[in-house]
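J.: One structure coming up, written as structure tokens, with questions to follow.
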Amino acid sequence: MQATTAREKPSPTSPTFMQRLSAWFNQERILGPALVAPAVLILLVLIAYPFCIAIWLSMTDKVIARSDTGNFIWFANFAKLFKDSIFQRTAMNTFNYALVSVFFKLVLGLVMALVLDEVKLFKNFFRGILLLPWIVPTSLSALGWLWMFDSQFSVLNRLLLDWGLISEKIIWLGTPATAMFSVQLVNIWRGIPFFGISLLAGLQAIPQELYEAADIDGASAWSKFWNVTFPLLMPVTAVVTLFSIVQTFADFQIVYVLTRGGPVNSTHLFATLTHQTAILAGRLGEGAAVSLFMFPVLVIAVVLQLRYLQKDN
288 MQATTAREKP SPTSPTFMQR LSAWFNQERI LGPALVAPAV LILLVLIAYP FCIAIWLSMT
348 DKVIARSDTG NFIWFANFAK LFKDSIFQRT AMNTFNYALV SVFFKLVLGL VMALVLDEVK
408 LFKNFFRGIL LLPWIVPTSL SALGWLWMFD SQFSVLNRLL LDWGLISEKI IWLGTPATAM
468 FSVQLVNIWR GIPFFGISLL AGLQAIPQEL YEAADIDGAS AWSKFWNVTF PLLMPVTAVV
528 TLFSIVQTFA DFQIVYVLTR GGPVNSTHLF ATLTHQTAIL AGRLGEGAAV SLFMFPVLVI
588 AVVLQLRYLQ KDN
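Residues in the sequence shown are numbered from 288 upward in steps of one, following the numbering used here.
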């Protein structure tokens, strides 16, 4: 009788279906596209598809009253817009609204960032409070400003009268000049926190050793700002400014709630004129042409900005 018997080696168990699926999915050529696919799908459904539909509509005479797709008229809608005095006024309004608002948001946002960078006590509290104008829904904050601009019960008029700065009430939303100033003021108030917090993040990424070296060289605060802070903050500033320009050119809620493009079309922007033309008047083709007018300008701005950032890198 044999004293010992050789132990049989256990046969390897075959991987389960879930294990095989997991191993297949974890391959780099599969995992990468799978993770990107949801974002690509969202871009295609919510951005690319509506954009293609807008291009098609802008080249037709489609109106809401007709059930057909409209006649293909190529660039007739764009040619008509160039001759339209309301559209010409809207183009000037949009450039004025966007450029002035972004300039003051940038300047005041930079001041806000520099001040917050020096605050050490309760810094998180102050950052949270100052971010509120940007966090609050635009339509709600615009309704609050609509009450403050009221011709009869304006709290701004009451304060200015009490301080002796004006002798009679200002009709903030009733004249072209004051109406444009009012909507720009609201846009600036709302956008300053975004610039401030973004630039603050850029400030805190600057190495402190550079400031210490500048102190050793006897540089003044103004010299340190222009030679250290400003150049190193430019990449963040460029990205934030570009994003704000695109958002401001496409602004709708503030102007729609406060003035709806009035008085006498003095505050119409491309977005509000698109709404009036396509939705209220029912001319979908012409409204789509209005909405696409700024697309080439914004593409050029984005390309120039990207080239600038790539040159710095």
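Idealized CB from N, CA, C, for every residue including glycine. Keep in mind it's a predicted model, so treat the numbers as computed, not measured.
Taking A385 and I532 to be in contact with their CB atoms under 8 Å, please state how far apart those CB atoms are, rounded to whole angstroms.
T.: 6 Å
J.: When the Cα atoms are used, what is the spatial distance from N552 to L452?
T.: 29 Å
J.: Ignore the nearest five residues each way along the sequence and tell me which others in A464's own chain have a CB closer than 7 Å to its CB.
T.: none
J.: Given this structure, state the Cα-to-Cα distance separating W434 from L419, to the nearest angstrom.
T.: 19 Å
J.: Do G569 and V350 count as a contact pair if the criterion is CB distance below 8 Å?
T.: yes
J.: Taking the straight line between their C-alpha atoms, what separation do you get for V473 and F359?
T.: 40 Å
J.: Could you check whether the Cβ of G461 sits closer than 8 Å to any Cβ belonging to chain B?
T.: Judged by its chain identifiers, the structure shown contains no chain B, having just a single protein chain.
J.: What distance in whole Å lies between the Cβ atoms of I484 and K392, which are believed to be in contact at a cut-off of 8 Å?
T.: At roughly 12 Å, the Cβ-Cβ gap does not stay under 8 Å, so K392 and I484 are not in contact.
J.: Starting from the Cα of P337, find the closest Cα among K598, S578, L591, L593 and give me that residue.
T.: S578
J.: Which term fits S510, buried or exposed, when burial requires 16 or more other beta carbons within 10 angstroms of its beta carbon?
T.: exposed
J.: Are the CB atoms of E496 and N364 within a distance shorter than 8 Å?
T.: no
J.: Is it buried or exposed for G396, if we count other Cβ within 10 angstroms and need 16 for buried?
T.: Residue environment analysis places G396 among the buried positions, since at least 16 neighbouring C-beta atoms fall within 10 angstroms of its C-beta.
J.: In whole angstroms, what separates the C-alpha of A290 from that of L322?
T.: With a pLDDT of only 46 at A290, under the threshold of 50, the placement of this residue in the model should not be trusted; the figure read from the coordinates follows. Computed Cα separation, rounded: 60 Å.
J.: Write down every uninterrupted run of the alpha helix (DSSP H) in the stretch 370-438 whose length is 4 residues or greater and which is fully enclosed by it, in chain order.
T.: 372-405, 410-417, 419-422, 425-435
J.: Work out the CA separation of S309 and T292 for me, nearest whole Å.
T.: Only weak support is given to the placement of T292: the predicted model assigns it a pLDDT of 49, under 50, and the question is left unresolved by the model.
J.: Do V387 and Q314 come within 8 Å of each other at the CB atom, strictly closer than that value?
T.: no
J.: Please classify N411 as buried or exposed, where buried requires at least 16 neighbouring CB atoms within 10 angstroms.
T.: exposed
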